[in-house]
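**Student:** Protein chains in written order, with this note's numbering: chain A, 30 to 477; chain X, 55 to 893; chain Y, 16 to 208.
Please see the structure below; I have some questions.
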Amino acid sequence: MPETRMLYRRVDEPGLASIETYRRRGGYRSLTRTVKEIEPEELLTTLQDSGLRGRGGAGFSMGKKASFLPRGDTDKFLCCNADESEPGAFKDRELMQKNPHQLIEGVAIAAIAAGAGWAFIFIRGEYAEVADILEGAVAEAYGAGFLGADILGSGQRVELVVHRGAGAYICGEETALLDSLEGKRGNPRLKPPFPAIQGLYGGPTLINNVETLSNVPHIVANGADWFKGFGTEQSPGTKVVSVSGCVQRPGNYEIELGIPSRELIYGLAGGPPEGREVKAWFPGGSSAPVLTAAELDLPYSFEALADAGSMLGSGSIIVADDQVSIPALALRTARFYHHESCGKCTPCREGTNWTVKMLERVLSREATPMDLDIIASVQDNIIGHCLCVLGDSMAMPVSSMVKKFRPEFEEYIRRVASDSPGLGSDGAAGLHALTGTSSLAPASGPHA
Amino acid sequence: MPDPPRITLLVDGVEVEAPHGAMLVDAAKHGDVEIPVFCYEPKLGHPVGACRMCVVEIEGIPKLQTACSTPVRDGMVVYTQTERVKEAQSAVVEFLLVNHPLDCPVCDKGGECPLQDVAMGWGPGRSRSVDPKRHFQKPIPLSPLIKIDRERCILCYRCVRFSQEVAEDEQLQLLERGSSTFVGTFDNRPYIAPFHGNIIELCPVGALTSDAYRFRARPWDIEDAGTVCTLCPSQCNIKLTVRDERIERVLARDNVDVDDGWLCDKGRFGYQMAESGQRITEPLIRAGGELRPAGWAEALEAAAAGLREAGERTAAIVGGSSSNEDGYLAQRIVRKALGSPHVESRPSGGPGVESRRTGGRGPAGFLRQGLVELSAPRLAASVSDLDRAESILVLGTDPLHSMPILDLRIRKAVRLRGARLAVATDRPSVLDGGAEETARYAPGFVGGFVSALAAELGAAGYERARGELGADAERIAGALKPGSTVIVWAGPDARGLVGCARALRLEEDGAGLIEVPEGANGRGLREVGCLPVAGPGLSDVEQGLDASGIRDALEAGSLEAALLVNADPIRDFAGGPAWGEALGKAKLVLAVSMFEDASTRQADVVFPAESYAEKEGTVTHPDGRLQRLRPGTPHPGGVRPMWEVLAELGALLGEETGVESAPDALAAIASEVPFYAGISHEEIGGTGIRWQERAAARYWPRVDDVGARDEVPGREVEPAGRTAPEPGDTGGRAEDVDGVIRVGTYRDLWAAEVTDRSPALRFLAPRQALELAPRDAARLGLGSGHEVEVRSNGTSVRARVSIHERVKPGSGFLIEGLGDRAASLRGELVEISKAGEPE
Amino acid sequence: MNNSADSSSEAEVSSEFPYLEDESVVAVQRGPEPGGLGGAYRAFGETLRGLKTTFARIVEGPVTIQYPEEKTPVYPRFRGRHKLHRFEDTGLEKCVGCSLCAAACPADCIRVVAAENDPEDRVSAGERYAEIYEINLARCIFCGYCEVACPFDAITMGHEYEIADYNRDDLIFTKEMLLAEPLERTPLRREGE
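And the structure:
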């Protein structure tokens, strides 16, 4: 099944990042229509009718979220969450790098729909180059009158600021993002109150992902019904999926939700290298519970993946083939979340720390099968007990790995304990490909 | 404020009634269900839900919820004992202990540690963790008074929230993240702030320990003794930790109507003064130029003989830390036994004390009238009214220095409720940052400002001021909400306040005045008769001399004997060293003092004084709350209760008081102070009672009884200083005169005897500093740290220059209470000359 | 008195007894007359049987323990006078002054005042040590709870039981006394005394 390109249409056209090219390709027409012809209420209805679900991970209806914002004269804000830090996700990066104006237009329209006079794009600090492009594009948009105190002379006001994060994964969590934007330590806030009621600087705030907002101009241009023509009933529209790991053609693929996952991994991304088999795959970034080869035929949609005990999340598939060591993969995953835990709530702070220590013992020579039980139980104690979802993000994949690949963990412990060369080294090779890092194993472990 | 409606919820199958909107943790307590918490502390404001200890199951919500952040609703069904909840709670304890060193035997918190309690009650009993714990260098000083052990820290955020959201000093921060997070300050600077001792009490583990209390006792070694701190007018409720008859520490005793459960560091560490070992513990008599120990009988006889001889040429100065009983008996001796009207308790006067130009004999009719009007029950605000008022005006005082706990209270009102704060002071206040409007007037010019404010508020009989003063007053007036304003004020000359009070309808509920007196028990002493213009119950009496009048009269020889009850006028009173000369001329100086100080050096008879930890008696809070002092430690050596000593002295002088116990002394007060009528220790109880809320409050003297002999409100008022500015002048013109600055003085929080006498606090003792605006400093060629001499009319003070952005040009500020003559310069135009280069 | 005399084997009934002769008097059988061989045996036989045991024990040697020169051994778990211990290697005191023993003590006879260690001149291993450690042995009931409560095995109950003294004050044992080996407090006879 081929890709269905909406957001990525003409994405490789040279110069699309400039406002001239973008406008030549029909850009900013939706915004022009919005400010001139459409009432904000109508706009909100269109967005709700379209059934567009948030693309950041939670999959909540975007229009519904926007409608939660109180009406009236209070200062309202819109934040675009461009802090794309999930391992395996790189769709927003390409969207912003190659087609920044599509996002800016979406932000402006959404801000008008929500009645927000100020909009912020909180972009991941490491995306320095992308942020430069985005800032250039924002300046262009201001210059052309698409942003500012009086958009196209309509009296509508949207001020847009690109804010660079300082390198914390947790700031991709919406409330931590708000704290960080306010100049505080980026820690998640207690919910409720939800940002839609009390967000940035205490004002109602709409927070959406880059991909979600990039969809908005298309919906406005073509209508909700057109949009619903794509994808499934519950998750209409297209979805950009980043496929990475042990595949032959890693990259972003824009698809209609509901296609078989096998099609995505084997068809579009080319499957694992010759002679290897898929062993495990993360369907929604590194925070989703892993699925096995047996589950490759699941339809790639929010509902089907949730039914299978995993999630679509941000739509980032990471494939691990039979050369990858699952214990090493578990440790790598746990280490990431341990490093990124903000430390505010106990289960996440201590749970990630403890899990890493135990997995390190698994990978060195000190663990026993009983430790696997403890690892599993610690993950259960984390899931659902944290202030935000970061703790769950580690616990779910680690737990799924320990449960689904327990024999491998046990064999690992046995083989290492019996002082054999271990399967770590070849496993590590796969992981290098997978995560692009070299600091895989504990310093004292067999990989050192 | 109406109580919130009560609702019913079901906790573990038991119906529990609780106020609507209460957090589930608190509501569950109504049904005797304890939900464990670490990070939850209602005093710190909004819950953060960080520790996850308080998770419970609520019907209809799939995920476990934190009880600390869930407001109760009617009909809510909550389970705190299900397997799921138990597992989650025990998991949190296990997580917390993964990195906790479990060094309870060494830890100071052992025995009174919430983590121990919760681990025992809700923990799994054993840990499955065999991995190494995190390590920090420990213990290291977080401040000169607090040690931090980061290994024990469970990162509950309480201390950081206190620093950021209660004291608002923003010094404590969480550094690093995840499991490496630790509490610290920027660049490892010491955490020095006036309220920082509270974090010791907030810490639910032994991570923050008091240096002074370190390893001193275990909870089972100690006894708690509840009393009231009388080191400042805040009169915070405290709990003394006593071991082997020594005070080892001071803890807050929550009283939401007084202190909100906070203490300042002076109150927390100042107990060391009582235990310093330098106390005078027996009576002393001067013989051959030297003070020598004497028995009580001998000393009392010597004192009585001297007083008998001086008779009506005796004056009494009652210090602010005296109890109502001490003050009452002292004034009774002087007034009744000796027939002298000269009783004073205010270092620099109070409402209506006139400038010295009138020789201390001001228009006393007004004085009493002013007192009676401004302290009237209908205008009185309680401390808790600050939690309700829509606007707050801080006038002529910086609560941080004069009544520290009010500073926190005002910050709370602004932060949590968005109350509008206006600050009008001569010296920049630490509350300026949170204020909606601030105004600066020239030092000593509070009277002019208040009159201008009254005019702006539309009070009849006041003229609107011109220029800067008028504009400032207008801005302040604009921030105040009639009918819902509390004015926190201090100052000697605030006649215009009557007009302000009328215009702002301060007689309404939740509005009113809180006067910050100079002495800790200033209000109580005033009400029991320690005033030259009013007797017990503000009754009309023969008028006596005020403090400066007494000093002049002693020096001139028209007064011969001075009775100093817990007062060191040389240190604390305006004039400072000049008092030394005055006391030197007196035939008899009878000093009641805890320590040998400048004044006891001039004394002929010295009675040892009790510390507040030994005293039994009552004090009156600035908002009218009578509180009890209860003895927590025995009297050292030959120290005796002061009421007993004064009663005996009275008897020797022929004034039989019939006072044979502390309750007797209170009964004697109650019989003479009409608005205290019938009050007893039992009625005051543990948390005190405001006399305004008792039926006897109707006996407050009526204004027309007082007889307004002179004084027309609205007349332009002069500052207390000798050099009166022109009407309408804001004092700002001084800047045009080369080298001349108008000096104001303030009592620094730490400029007190307790700082010098408590080893823990000594490092905070301030040095005399002249605060100048940058413009004046530049004009005078002065830089920060320069030594200068500040002179006026033959009085000179040496100080170090300190430049402050927010000081009004033309003003300068010196610290009172350092034993130099700074207080004499209050309101004066001074010359400044360089006395040395910066160090 | 009368009753007991009555119930013994005396058969003679005094006429003063207020009993009816026929109902209350019980005839008791008398023993054989003394004299003769049987009489001699009855007189000395039992004595000889007793002496047999006596003479048999003579050859076993004396069993008297010459206290105080000799002492009865005590059971290993005997709870005698307390001892405080040091680490054998470093010589530091094991006690950290945590006061748990004082908390556990039902007789309230232990007083601990802790202080902070000077890292240059350590007394105990941790941050804290017992500056004052006193046990009032006049009050102690030797229950051993202190030993049980101690988290560092710093205090144990020894086998010393000779604690008697002339003065109650001398029964307040200080830390130094508890750390030292028990003094020989009972005067011993020297050889030949």
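We treat Cβ as the ideally placed atom computed from N, Cα and C, and that holds for glycine.
What is the residue span of the alpha helix (DSSP H) that F106 (chain A) lies within?
**Tutor:** That residue, F106 (chain A), is in no alpha helix (DSSP H); its beta strand (DSSP E) goes F106 to A111.
**Student:** Per DSSP, which one or two residues make a beta bridge with K293 (chain X)?
**Tutor:** Partner(s): X:G280 and X:L305.
**Student:** Determine, using beta carbons only, whether R143 (chain Y) comes closer than 7 angstroms to chain X.
**Tutor:** With 7 angstroms as the cut-off, R143 (chain Y) counts as an interface residue toward chain X.
**Student:** Establish whether the CB of T375 (chain A) and some CB of chain X are separated by less than 7 angstroms.
**Tutor:** With 7 angstroms as the cut-off, T375 (chain A) counts as an interface residue toward chain X.
**Student:** Answer yes or no: the CB of I738 (chain X) versus the heavy atoms of the ligand COA, is any distance below 6 angstroms?
**Tutor:** The ligand COA is not part of the structure shown, which contains no ligands of any sort.
**Student:** Once you ignore the five residues that flank A396 (chain A) on each side, which residues in its own chain have a CB closer than 8 angstroms to its CB?
**Tutor:** Answer for A396 (chain A): M387, R390 and I442, listed in chain order.
**Student:** For chain Y, find out if any of its Cβ atoms is closer than 7 angstroms to the Cβ of F269 (chain X); answer yes or no.
**Tutor:** F269 (chain X) counts as touching chain Y.
**Student:** State the Cα-Cα distance for the pair G36 (chain X) and Q656 (chain X), rounded to the nearest angstrom.
**Tutor:** An answer regarding residue 36 (chain X) cannot be provided, because it is not within the stretch 55 to 893 covered by chain X.
**Student:** Using a Cβ cut-off of 7 angstroms (strictly closer), state whether S114 (chain Y) contacts chain X.
**Tutor:** Cβ-Cβ to chain X under 7 angstroms: yes for S114 (chain Y).
**Student:** What does DSSP give as the partner residue(s) for K268 (chain A) in the beta ladder?
**Tutor:** In the DSSP output, where bridge partners are listed per residue, K268 (chain A) has A:I284.
**Student:** Can you round the beta-carbon distance between V304 (chain X) and R322 (chain X) to whole angstroms, since I take them to be within the 8 angstroms contact cut?
**Tutor:** 5 angstroms between Cβ atoms; contact.
**Student:** Does the beta-carbon distance from V136 (chain A) to A145 (chain A) come in below 7 angstroms?
**Tutor:** No, they are not a contact pair.
**Student:** Roughly how many angstroms lie between the CA atoms of G55 (chain A) and D41 (chain A), to the nearest whole one?
**Tutor:** Looking at the two C-alpha atoms, the distance is approximately 16 angstroms.
**Student:** How many Å lie between L193 (chain Y) and L99 (chain Y) at the Cα?
**Tutor:** Rounded to the nearest angstrom, the two C-alpha atoms are 5 angstroms apart.
**Student:** Nearest chain A C-beta to C105 (chain X) closer than 7 angstroms, yes or no?
**Tutor:** By this cut-off, C105 (chain X) is an interface position.
**Student:** Hey, is R212 (chain X)'s beta-carbon within less than 7 angstroms of any beta-carbon in chain A?
**Tutor:** So no, R212 (chain X) is outside the interface.
**Student:** Mind checking whether A876 (chain X) and T799 (chain X) have CB atoms under 7 angstroms apart?
**Tutor:** The answer is yes: Cβ separation under 7 angstroms.
**Student:** With H, G and I counted as helix, E and B as strand and the rest as coil, what does DSSP make of K669 (chain X)?
**Tutor:** Residue state, collapsed to three classes: coil.
**Student:** So what does W310 (chain A) bridge to, in DSSP terms?
**Tutor:** According to DSSP, which records beta bridges pairwise, W310 (chain A) is partnered with A:L320 and A:V348.
**Student:** Strictly by DSSP, which residues pair up with W543 (chain X)?
**Tutor:** For W543 (chain X), which the question treats as bridged, DSSP gives the partners X:L449 and X:E569.
**Student:** Counting C-beta neighbours from all protein chains within 10 Å, is the total for E670 (chain X) 16 or more, i.e. buried, or is it exposed?
**Tutor:** Label assigned to E670 (chain X): buried.
**Student:** Does the CB of S19 (chain Y) have a neighbour CB from chain X at under 7 angstroms?
**Tutor:** Unreliable placement is indicated for S19 (chain Y), whose pLDDT of 45 sits below 50; the coordinate value is still reported in the next sentence. Taking Cβ atoms only, chain X never reaches closer than 7 angstroms to S19 (chain Y), which makes this a no.
**Student:** Does the distance from the C-beta atom of C116 (chain Y) to that of A195 (chain Y) stay below 7 angstroms?
**Tutor:** In this structure, A195 (chain Y) does not lie closer than 7 angstroms to C116 (chain Y) by Cβ.
**Student:** Looking at C-alpha atoms only, which residue of X:G532, X:L470 and X:S456 is the closest neighbour of A493 (chain X)?
**Tutor:** A493 (chain X) has its Cα closest to that of X:G532, out of X:G532, X:L470 and X:S456.
**Student:** Let me check one thing: in DSSP terms, what residues is R126 (chain Y) bridge-paired to?
**Tutor:** In the DSSP output, where bridge partners are listed per residue, R126 (chain Y) has Y:E149.
**Student:** Tell me whether H455 (chain X) is buried or exposed, calling it buried when 16 or more other Cβ atoms sit within 10 Å of its Cβ.
**Tutor:** By the neighbour-count rule (16 or more Cβ atoms within 10 Å), H455 (chain X) is buried.
**Student:** Looking at C-alpha atoms only, which residue of X:D380, X:W543, X:A221 and X:G691 is the closest neighbour of V619 (chain X)?
**Tutor:** Of the listed residues, the one whose Cα sits closest to V619 (chain X) is X:D380.
**Student:** Would you call E710 (chain X) buried or exposed, if buried means 16 or more other Cβ atoms sit within 10 Å of its Cβ?
**Tutor:** Exposed.
**Student:** Would you kindly work out how many angstroms separate the C-alpha atoms of E437 (chain A) and V353 (chain A), rounded to a whole number?
**Tutor:** Approximately 11 angstroms, taken between the alpha carbons.
**Student:** So, does the CB of G406 (chain X) fall closer than 7 angstroms to a CB anywhere in chain A?
**Tutor:** Because the pLDDT of G406 (chain X) is 46, which lies under 50, any placement of that residue in the model is unreliable, and the number read from its coordinates should be weighed accordingly. Closer than 7 angstroms: no.
**Student:** For the stretch 89-121 of chain Y, list every residue whose C-beta sits within 9 angstroms of some C-beta in chain X, in sequence order.
**Tutor:** Answer in chain order: V111, G112, C113, S114, L115, A117 and A118.
**Student:** Measuring only the C-alpha atoms, how far is A749 (chain X) from V794 (chain X)?
**Tutor:** So the alpha carbons of these two residues sit roughly 54 angstroms apart.
**Student:** Taking DSSP as the reference, what is the three-state secondary structure of W316 (chain X)?
**Tutor:** W316 (chain X): coil per DSSP, three-state reduction.
**Student:** Between K639 (chain X) and E668 (chain X), how many whole angstroms is the CB-CB distance? I'm expecting something under 8 angstroms.
**Tutor:** Not quite, the Cβ-Cβ distance comes to about 33 angstroms (not below 8 angstroms), so this is no contact.
**Student:** So L462 (chain X) packs on D311 (chain X), CB below 8 angstroms; how close in whole Å?
**Tutor:** About 14 angstroms separates the two Cβ atoms, so there is no contact after all.
**Student:** Along the chain, where does the alpha helix (DSSP H) that runs through G638 (chain X) open and close?
**Tutor:** First-last of the alpha helix (DSSP H) with G638 (chain X): P631 to K639.
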